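Each remark here refers to the structure printed beneath this line.
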Amino acid sequence: MTMTTLISPELNKAFNEEIGRELFASHQYIAIACYFDGRALKKLAALFFKQADEEREHAMKFVEYLNEVGGKVEVPAIEAPKSDFQSAEEAVRLALEWEIEVTNRINDLMTMAIEQKDYAAQEFLDWFVKEQVEEVSTMQDLLQIVQQVGEHYLIMVEAYLSHGGGE
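When we follow the numbering used here, the leftmost residue of the sequence shown carries the number 781, and every step to the right adds one.
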C-alpha cells in the first residue's frame with residue numbers, strides 16, 4: 781500500500797534543506813552561548829542556549845510536517861559552526877546575519893508553496909514568517925545594545941537581560 785504524498789518533491793527537498801539550516805543554527809547558537817559562558821557572561825550565554833533550543837524546535841516542526849504530509853525526511857549533514865569570536869559584537873552580528881539569511885530562505889519556501897498552490901504548506905510556513913520577524917528584531921536589538929555599551933562594559937548587557945531585555 782502506497783501512502784498519499786501531499787507535498788511536491790521540490791518542496792519536500794527544500795524543507796529538508798531547511799531542517800539542516802535550523803539544526804546548523806542550533807549548533808551555531810550553542811557555540812555562541814559557550815563563547816559567552818567562557819567569558820562569565822551568564823545571561824548572554826543563557827539567551828543563546830535558549831535560542832539554540834528554539835532552532836532545534838523549528839527543525840522538528842519541519843520534520844513533523846513532512847511526516848504528516850507523507851513526505852520523506854532526509855536530514856542533511858550539518859557543518860561545524862564557528863566557535864572563535866574576537867568580540868561579543870562579532871558573535872551577535874553573526875547571529876543577526878544568520879537570522880536575516882533564514883528569513884530570506886523562509887520567504888523563498890513561501891514563494892515556492894504559493895507557486896505550487898500548496899495551501900497547507902503556506903499555512904505551515906506562515907508561523908515561520910511571523911517568527912522570523914521576532915528573531916531578526918531580537919538580534920537587531922541585542923546587537924545595538926552590545927554596540928552601545930562596548931566590549932569593556934558587557935556587564936551592562938547582563939544587567940539589561942536580567943531586567944527582561946531581549947525577550
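Backbone N, C-alpha and C fix where the C-beta goes; we use that ideal spot for every residue, glycine too.
Computed from a prediction, not measured in an experiment: that's the story for all the values here.
{"query": "As assigned by DSSP and simplified to three states, the class of residue 862", "result": "coil"}
{"query": "DSSP-derived helix/strand/coil call for residue 926", "result": "helix"}
{"query": "Three-state secondary structure (DSSP) of residue 851", "result": "coil"}
{"query": "Sub-8 angstroms separation of residue 804 and residue 858 beta-carbons", "result": "yes"}
{"query": "Which of helix, strand or coil DSSP assigns to residue 891", "result": "helix"}
{"query": "Residue environment, residue 899, which counts as buried when at least 16 other CB atoms sit within 10 Å", "result": "exposed"}
{"query": "Classification of residue 823 by the beta-carbon crowding that lies within 10 angstroms, buried from 16 upward", "result": "buried"}
{"query": "8 angstroms Cβ shell around residue 862 - same chain, five flanking residues per side excluded", "result": "808, 811 and 874"}
{"query": "Other residues of its chain near residue 909: CB distance less than 8 angstroms, five sequence neighbours each side excluded", "result": "886, 887 and 890"}
{"query": "Whether residue 815 touches residue 871 by CB criterion (8 angstroms)", "result": "yes"}
{"query": "Beta-carbon spacing of residue 876, residue 893 below 8 angstroms", "result": "no"}
{"query": "Check whether residue 829 and residue 795 have beta carbons under 8 angstroms apart", "result": "no"}
{"query": "Inter-residue Cα distance where the pair is residue 784 and residue 945", "result": "47 angstroms"}
{"query": "Helix, strand or coil at residue 830 [DSSP, three-state]", "result": "helix"}
{"query": "Coarse secondary structure for residue 917, derived from DSSP in three states", "result": "helix"}
{"query": "Secondary structure of residue 943, DSSP reduced to three states", "result": "coil"}
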